[in-house]
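Everything below concerns the one structure shown next.
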Amino acid sequence: MPGPLFAKSAAAFKATLAAQLGCDPAAFESHALSIVERPEGSRERQLAVVATCGTGSVLSVKDVRLADWAREQPLETHFRIFLPSFLEGLAAHARELGYVGARSHSPSEGMVLAEDMPPRSMPAGYRIAELPLVEQERLRPGREFENALAEPGEDAKIASIRIAFAAYGPDGSIAGVAGVWDQYPDIDEIGLDVARAHRGLGLATTLTIHATRWIRAHGRWPIYTYGVTNVRSMNNGLSAGYRPLWLISVVYVPD
1 MPGPLFAKSA
11 AAFKATLAAQ
21 LGCDPAAFES
31 HALSIVERPE
41 GSRERQLAVV
51 ATCGTGSVLS
61 VKDVRLADWA
71 REQPLETHFR
81 IFLPSFLEGL
91 AAHARELGYV
101 GARSHSPSEG
111 MVLAEDMPPR
121 SMPAGYRIAE
131 LPLVEQERLR
141 PGREFENALA
151 EPGEDAKIAS
161 IRIAFAAYGP
171 DGSIAGVAGV
181 WDQYPDIDEI
191 GLDVARAHRG
201 LGLATTLTIH
211 ATRWIRAHGR
221 WPIYTYGVTN
231 VRSMNNGLSA
241 GYRPLWLISV
251 VYVPD
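To convert, note that position 191 of the sequence shown is 191 in this note's numbering; the numbers rise steadily by one, no gaps.
Structural data, given as structure tokens:
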């Protein structure tokens, strides 16, 4: 059962997310839908962001005309803003407003830390070490570790990477990577990839815990996210001491 650490992690994240979206943290406890305009300086650059922590939902927009459209929709409950029909309708309206190519994205789930886990030992012959910047740049075009290192062209995300750790196999090859980036003020997100040939050894959880401990040692809050269909990542987060807190989706214009 989540305890004091989860409560502190959750409160810190809700406060920060609310500031980024332009709502009061109480909106996440409201049992209602709050529609707000995105504040200047927010790190969320998408046309629209929908988010919930389960007991209240928020729609945050960059263009108030999207808010007007949303208010006209016959939503029976606040969480119906996550329905594909609503998100696709919002994207279609954005295109009508001149946002060429606007589209919706499937939801992602986010976790906050609920338990500080001790370091885990690596399988025989494996080791963890910091991945140098030159190696990050060498690996990125191959996209094998894109969840950890970002995709080529994701310049803002690449610039926000604070550190990356690699799990090296017995032959010296890179078996997995955990990347840590500055997602929000005082909050770091962990991205993770394990090469297929090295899966099933527990490397994902070991890397996640290693990155989590680094974040905590630097006085920041760690978060862990994944697509809602990625059951493997969900289980990895649970194994590393995380618990689900929020669901988020966006309407955006691709770069």
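We put the CB at the ideal spot given by N, CA and C, even for glycine.
(1) Name the residue from V36, S104, T16 and K8 whose alpha carbon lies nearest to the alpha carbon of V250.
(2) Answer yes or no: do A240 and V112 have a C-beta to C-beta separation smaller than 8 Å?
(3) How should V49 be labelled, buried or exposed, when 16 other C-beta atoms within 10 angstroms of its C-beta is the threshold for buried?
(4) Taking only three categories from DSSP, how would you classify G176?
(5) Rounded to the nearest angstrom, how far is the Cβ of F86 from that of S57, given a contact under 8 Å?
(6) How many whole angstroms separate the CB atoms of G176 and H198, which I take to be in contact at a CB cut-off of 8 Å?
(7) How far does the beta strand (DSSP E) with A32 in it reach, from first residue to last?
(8) From what residue to what residue does the alpha helix (DSSP H) around A108 run?
(9) Taking contact to mean 3 or more Cβ pairs, one atom from each stretch, closer than 8 Å, check whether the segment 178 to 192 and the segment 216 to 234 are in contact.
(10) My parser needs the alpha helix (DSSP H) runs of 4 or more residues fully inside the segment 37 to 103; what are they?
(11) Looking only at its own chain, which residues have a Cβ that is under 8 Å from the Cβ of R71, when we skip the five neighbours before and after it?
(12) For P119 versus R213, is the C-beta distance shorter than 8 Å?
(13) Let me check one thing: in DSSP terms, what residues is L247 bridge-paired to?
(14) For S42, which residues in the same chain have their Cβ closer than 6 Å to its Cβ, ignoring the five residues on either side in sequence?
(15) Can you give the beta carbon distance from P25 to K14, rounded, assuming they're within the 8 Å contact cut?
(16) What residues in its chain sit with their C-beta under 6 Å from that of L33, if we drop five residues either side in the sequence?
(17) Taking three-plus beta-carbon pairs below 8 Å as touching, is the segment 201 to 209 in contact with the segment 125 to 134?
(18) Measuring alpha carbon to alpha carbon, tell me which residue in H93, F82 and I81 is nearest D63.
(19) Please state the DSSP three-state secondary structure of A150.
(20) To the nearest angstrom, how far is it from the Cα of R162 to the Cα of P170?
(21) Sort E76, G22 and C53 by Cα distance to E40 and report the nearest one.
(22) Which first and last residues belong to the beta strand (DSSP E) in which T225 is found?
(23) Over what stretch of residues does the alpha helix (DSSP H) that includes E137 continue unbroken?
(24) Please name the residue or residues paired with E144 in a DSSP beta bridge.
According to the structure data:
(1) Looking at V36, S104, T16 and K8, the one whose alpha-carbon comes closest to that of V250 is S104.
(2) The criterion of a C-beta distance shorter than 8 Å is not satisfied by A240 and V112.
(3) Per the 10 Å Cβ criterion, buried.
(4) The DSSP-derived three-state label of G176 is strand.
(5) By a beta-carbon distance limit of 8 Å, F86 does not contact S57. Their separation comes to about 11 Å.
(6) Rounded, the Cβ-Cβ distance is 6 Å, consistent with contact.
(7) No beta strand (DSSP E) holds A32; DSSP gives it neither H nor E.
(8) Correcting the residue type first, residue 108 is Ser in the shown sequence and not Ala. No alpha helix (DSSP H) holds S108; the beta strand (DSSP E) holding it covers S108 to L113.
(9) Yes, the segment 178 to 192 touches the segment 216 to 234.
(10) Whole alpha helix (DSSP H) segments, 4+ residues: 64 to 71 and 84 to 96.
(11) So the list reads I35, once near-sequence residues are dropped.
(12) Yes, Cβ-Cβ distance for P119 and R213 is below 8 Å.
(13) DSSP, once it has assigned bridges, lists T52 and E109 as partnering L247.
(14) Taking C-beta separations shorter than 6 Å and ignoring five residues to either side along the sequence, the partners of S42 in its chain run Q20, following chain order.
(15) Sure, about 5 Å apart at Cβ, within 8 Å.
(16) Here L33 has S57 and H78 as same chain residues with Cβ atoms under 6 Å from its own Cβ, once five neighbours each way along the sequence are excluded.
(17) Judged by Cβ distances under 8 Å, the segment 201 to 209 makes contact with the segment 125 to 134, as three or more pairs qualify.
(18) In this structure, H93 is the residue among H93, F82 and I81 with its C-alpha nearest to the C-alpha of D63.
(19) In the structure shown, A150 adopts coil according to DSSP, grouped into three states.
(20) So the two alpha carbons sit approximately 27 Å from each other.
(21) Closest by alpha carbon: G22.
(22) According to the DSSP assignment, T225 belongs to the beta strand (DSSP E) that extends over W221 to G227.
(23) Residues L133 to L139.
(24) The beta-bridge partner set that DSSP reports for E144 is empty.
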